[in-house]
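If you read the sequences in order, they're chains W and Z. Residue 642 in the working numbering is what sits at position 642 of the first sequence, and the numbering runs on without skipping anything. Residue 1230 in the working numbering is what sits at position 548 of the second sequence, and the numbering runs on without skipping anything. Here a beta-carbon is modelled for each residue, glycine too, at the ideal position from N, C-alpha and C. Computed from a predicted structure; not experimentally measured. For reference, the structure is listed below as structure tokens.
Protein chains: 2
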Amino acid sequence: MPYSEIDQLAINTIRTLSIDTTSNAKSGHPGAPMGLAPASHVLFSRIMKFNPKSPKWLNRDRFILSNGHACALQYVMCHLLGYQMSIDDLKKFRQVGSKTPGHPETHDPTLNIETGAGPLGQGIAAAVGLAIGKAHSAAVYNKPGFDIFDNNTFCFLGDGCLQEGISSEACSLAGHLKLGNLIAIWDNNKITIDGSTDLSFDEDVEKRYEAYGWQILRVENGDSDLEAIEKAYREAIACTDKPTLINLKTTIGFGSQQQGTHSVHGSPLKPDDAVHVKKLFGFNPEQSFHVPAEVYQFYQKRVEENQAVQKEYDAMYAKYAQTHADLYNQLERILNRHLPDGWEKHLPTYKPGDAAVATRKLSEIVLDALCPVVPELVGGSADLTPSNLTRWQGAADFQHPSTNIGSYAGRYIRYGIREHGMAGIMNGLAVYGPIIPYGGTFLNFVSYGAGAVRMAALNNSRVIYVATHDSIGLGEDGPTHQPIETFSHFRAMPNIYCWRPADGNETSAAYLGALTHCDSPSILALTRQNLPQLENSTIENASKGGYVLYENKNAKVTLVGTGSEVSLCLDALKTLKSEYNLEARVVSLPCWEVFEEQDESYRLSVIPDGIPAMSVEVYSTLGWTRYVHEAFGMTSFGESGTAKQLYEKYEFTPEGVAKRAHKTYEAYKDTPFIRSPVRRAF
Amino acid sequence: MPYSEIDQLAINTIRTLSIDTTSNAKSGHPGAPMGLAPASHVLFSRIMKFNPKSPKWLNRDRFILSNGHACALQYVMCHLLGYQMSIDDLKKFRQVGSKTPGHPETHDPTLNIETGAGPLGQGIAAAVGLAIGKAHSAAVYNKPGFDIFDNNTFCFLGDGCLQEGISSEACSLAGHLKLGNLIAIWDNNKITIDGSTDLSFDEDVEKRYEAYGWQILRVENGDSDLEAIEKAYREAIACTDKPTLINLKTTIGFGSQQQGTHSVHGSPLKPDDAVHVKKLFGFNPEQSFHVPAEVYQFYQKRVEENQAVQKEYDAMYAKYAQTHADLYNQLERILNRHLPDGWEKHLPTYKPGDAAVATRKLSEIVLDALCPVVPELVGGSADLTPSNLTRWQGAADFQHPSTNIGSYAGRYIRYGIREHGMAGIMNGLAVYGPIIPYGGTFLNFVSYGAGAVRMAALNNSRVIYVATHDSIGLGEDGPTHQPIETFSHFRAMPNIYCWRPADGNETSAAYLGALTHCDSPSILALTRQNLPQLENSTIENASKGGYVLYENKNAKVTLVGTGSEVSLCLDALKTLKSEYNLEARVVSLPCWEVFEEQDESYRLSVIPDGIPAMSVEVYSTLGWTRYVHEAFGMTSFGESGTAKQLYEKYEFTPEGVAKRAHKTYEAYKDTPFIRSPVRRAF
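Dropping the structure here:
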């Protein structure tokens, strides 16, 4: 179908609305929306499957705006397409409480925002995750005549996304995995905040993506050659065994007097320039937020066509429910975020007499037990499988079938040595639908992926990081691999659960917590070294985040530990008695965030008034005084050596603990009232 | 010169010593050292300029082992070449207190370890920094007849380094900058911990690096074709306008019965396999750590040749001291880590009446003042120059001269949108010699570079991160850009100074601290929004890390703030008095780490016993109870809106502060003794 005046009018409406949205807010990025208006128009009017009245339709095409600063474009499109986005919402752009924040957020389910974006590179990594999600879901659920999952994933991205390492990681893996349904549209406008890309970015992007195994298409004139844009989209969709990068050459701020320069990138157009653009496009410069009626009608028609497509899909899906009831029921269960009935009975439990085992190994035992009964678990590791122990018995790899080393139905992803990419991809997997992703690396290298971990927390995504080798206890690899500060970082991050289990039951509790907190990511910090199974540790106790492991009415001090230091605290009791004639009680605090959710009276029963509390954890002590009066931890980086040598060097021994517990007692013994730190004034 | 039996004997000695080193430690990675032995032998015996007796010789060729887990190789080479590395040191591999930790560390100046490595990708990024350092230093200090700086930078790296995003970022920039003296040798052994690289990494690496603008060379047989290896090195050196990637095909664990598999990657060889290798290479399998005398002699001869080269250089340098005394004196001053006499007098100071200014702008004023008088400052930004305000007046860009937008003498680096790459490159710049690097990004995106920031702290490198847009105060960009948890992360990291200045004088103090702490990196968190100039804020006061800004004998509570919340605390005094009839004192705590260095009596004078203290900071409160009894901070991510709206929403207003200060007072008023949190039991 040829393009006509209505298409150009719609495109110019996108442009002027983007100008008005940013000008009215006195803040925001008009340039990229103006440049991407044609590509966006063609995409939404001729290519994408979606339904604004059913924004979470299972088989919708996914759209990600990786250059999230251009979000005025997405909001404007939402308005024009009939999502719940009014002109008033556009007028509240970047204001508190609006539907139109400064970068795309996921909190409004009525919009087409699949995952948050803005930190550059995150969107394209999530798009890779969405594409994996589709490939996997199709392999599992599609049956002859039932293409339950056959959507495409479209991602706009800018030069910034292409420069970020996370995109290199994710896109290299996307090429390896031959993700045919992934279509990335590079807004090649040659401008960044500093100015021309010539300042720092003159690599041959097309060639790089070819090297990754992508199909490359180019649109020489993305400003007005709508046929070429459509042709590129269609060629991209037709290519089923490679992701596609469309090199879309555009002019940033198209129509502005400053077009093609960085002055239209990050600030609203000057008033006279806005007038200039409107005149140029035949709009009344006196009017703001004007949408010609025929533009609304045009998009409405397109939406109706789409709704007809969904109607057909719904009929097919209803039939699927009958002919493939098991798969249908499983899918619906997962989409409703219910775990399989009785799944938690598969969580392993341990008795005090049981053998000492490393919590990374205990994690493997959990995965061996759960993965066969929780089919939505899709695991992986950033290359450290034999160390992270993240691959359950009988797992099959997620690989393109042509490789003969797996298939798209496989549930174990070989992420390669790409921690940030893995975390970003998991953000896409988590929101695709029928998948709960987990991924392994060393705890220290979760920090490599911190930018994406943050997005999971911000997006309310259930992503599980299996973070082994969790302290100096990893030993000989030395300080480059021994986390000291990592947990302080994530304990300070909102909406993420940081677990550091002390034994088998606590490890099971950590998985219970991670899987049942549907709106939050979780990090599981796990040891390389063996830990004993503790008395009074139970899944139920640990699920409160903190509990009394060893009670003692004569205690003069409370010792509070996590993970590998809980058994150390227990070991120190004898020394404390024999050397200092002091008795103590011991608390295990595997998850601060869950402990915070308990009421004050429970928290006070764990860490009471009247005696001082001291923490023992081989990390930075930062934050511990939220729970204790004195904190024993690491004040430097670690060193290479055996775990035993290192624990001795830094005095994480019964003697070292007892000595400090005694000092804590001495420091507070004359204090008339010792207030528990869990009491808060506000 | 043809290769002969002695070369093969030396190579096999490297291999068997690597086996013995890891076997004796019962830990470590023998495979890569065995595979890289030929490339290493050729490099050190025929190519590199170095002097084991003068390991920090200014013009030495730099060698970086980016695949740092292969460090047995570097230690073995150090031994054979006559660095201060004995067989006993090799026998202490990976033990506490040894010279031979599990990954290369920089703490021993007698070795050839330029910068720490191990976290994959860090070494190659640092190598890019070293190469920039050389190009810049040569442009500044070389004169006709005086090639003070003409070294090359060699970097071994593995598949893991190539997969990490940081290497993509750094290598793309290296191509843009046409760093001819950078030579990266890819140990292409097709093996990672998970197994074959076919599992996750089948991109065309050569093509990708061509896309970056690198020269590509290939050695088909890196196991034994010494001529080809040497030829590649020489071609790489000859190419002066592009970095070079040598695709060196090797067999991991060459000689082992398990060669070419991942079982030789991360664990010592089995005893019978070690015997097998020794027999294969004609070594006595009963002997360990055996070095044939002729191998020692061979390397000794090579070292002597090198020493002769250094002798010539020294003579030239002595002449340079006379003919170019100014440059010589500047260079020596910098190498001795002295700042220019009186430099600190250029730090701007402010009076209470002066205008309110954003600390990012105050930082720019500092840079405008300092950069002209401190020529070792080499700045830059990850694309956000107009936002970070990191480019001083009159700065010239560091660019290849052919670009006509700068020269190698320029001191402002356009890092592009590559935060991790920037941080990793700065680690190389910091150790090259005559450079103090600083780089700008938003505080939130320092987390993208956290892996490299950690290496700076671990390496004792003076690197300065200019981190603007430091809180919800950045406003409309929203929660994807507003740091909440970032400072908790870095406050928990050993050996890094985290500054959050409240005004102009404190901003000057932050730079004073960052520049004078020669063995530590510093982060400067700076506001987007304007802040008033405070009474009693002085450079001297702020240089103690914390001080009493407003004293009051009648105070019933101490308010402790940082950055933008210090003036808020002052503003709250009036409300506290009028609404609650309470008086307070106000403390500014711009740098916790410096405050920790003060003695207890000073710290108690700032945060005394007897009255409760409450912190006010728009970050996670994690860690604050180290200094205060109650902490007011952010308990969620922020939102899009103006700074004013957001401060009101989260109650960072005089009323919000006063309300909580009153609650703090109420909670503690009946406590018989209020202990200052700065008192520690141990």
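Proximal chain Z residues relative to residue i, where beta-carbon distance stays under 7 Å
i        : result
Ala514/W : Neighbours of Ala514/W on chain Z: none; closest Cβ ~19 Å, over 7 Å.
His420/W : Gly847
Ser522/W : The contacting residues do not exist; Ser522/W stays about 16 Å from chain Z at best.
Exposed unless 16 or more other CB atoms sit within 10 angstroms - verdict on residue i
i         : result
Met1/W    : exposed
Arg1019/Z : exposed
Thr1168/Z : buried
Asp689/Z  : buried
Thr782/Z  : buried
Gly102/W  : buried
Asn12/W   : buried
Gly213/W  : buried
Rounded separation between residue i and residue j - CA only
i         : j         : result
Asn444/W  : Ser1129/Z : 13 Å
Pro677/W  : Leu559/W  : 14 Å
Phe831/Z  : Asp477/W  : 35 Å
Tyr999/Z  : Ile1117/Z : 19 Å
Trp392/W  : Thr516/W  : 20 Å
Thr664/W  : Leu604/W  : 19 Å
Asp241/W  : Lys178/W  : 5 Å
Glu630/W  : Met614/W  : 5 Å
Leu248/W  : Asn221/W  : 7 Å
Glu210/W  : Asp884/Z  : 12 Å
Ile334/W  : Pro386/W  : 29 Å
Lys1027/Z : Ile1095/Z : 26 Å
Leu570/W  : Gly545/W  : 19 Å
Ala1105/Z : Gln989/Z  : 34 Å
Ile365/W  : Asn505/W  : 11 Å
Ser1322/Z : Asp88/W   : 16 Å
Leu73/W   : Gly449/W  : 28 Å
Thr1189/Z : Pro1183/Z : 5 Å
Glu579/W  : Val778/Z  : 28 Å
Lys889/Z  : Val378/W  : 32 Å
Distance between beta carbons of residue j and residue i, contact taken as under 8 Å
i         : j         : result
Leu740/Z  : Asp869/Z  : Actually they are not in contact, since the Cβ atoms of Leu740/Z and Asp869/Z sit about 29 Å apart, beyond 8 Å.
Ile113/W  : Pro119/W  : The pair is not a contact, with the Cβ atoms about 15 Å apart (cut-off 8 Å).
Gly815/Z  : His420/W  : Actually they are not in contact, since the Cβ atoms of Gly815/Z and His420/W sit about 26 Å apart, beyond 8 Å.
Ser543/W  : Gly563/W  : Not a contact, Cβ separation roughly 16 Å.
Glu1375/Z : Glu1330/Z : There is no way to answer for residue 1375/Z, as the model of chain Z reaches only from 683 to 1364.
Proximal chain W residues relative to residue i, where beta-carbon distance stays under 8 Å
i         : result
Ser854/Z  : Gln163, Phe201, Glu203
Thr1067/Z : Ile193, Asp194
Pro1272/Z : None at all; the shortest Cβ gap to chain W is about 17 Å.
Listed by chain order, chain Z residues near residue i by CB distance under 8 Å
i       : result
Ser27/W : Gly1157, Glu1158
Cut-off 7 Å between Cβ atoms - residues of its own chain near residue i, not counting five sequence neighbours on either side
i        : result
Asn152/W : Asp61, Asn181, Ile183, Ile237
Gly937/Z : Arg697, Met716, Val959, Leu962, Phe963
Lys872/Z : Ser878, Thr879
Cross-chain neighbours of residue i in chain W, by beta carbon under 7 Å
i         : result
Lys1345/Z : Ala681, Phe682
His761/Z  : Ordered by position in chain W, no residue passes the 7 Å Cβ test against His761/Z, which lies about 18 Å from the chain.
Gly1098/Z : Gln163, Ser200, Phe201
Spatial neighbours of residue i in its chain, beta-carbon cut-off 6 Å, leaving aside the 5 residues before and after
i        : result
Ala910/Z : Val901
Met493/W : Ala457
Cross-chain neighbours of residue i in chain W, by beta carbon under 9 Å
i         : result
Ser1318/Z : Pro494, Asn495
Close beta carbons around residue i, own chain, < 8 Å, minus the five adjacent residues each side
i        : result
Thr625/W : Ala631, Pro677
Amino acids of chain Z, ordered along the chain, whose beta-carbon sits closer than 9 Å to that of residue i
i        : result
Thr671/W : Pro1354, Phe1355, Arg1357
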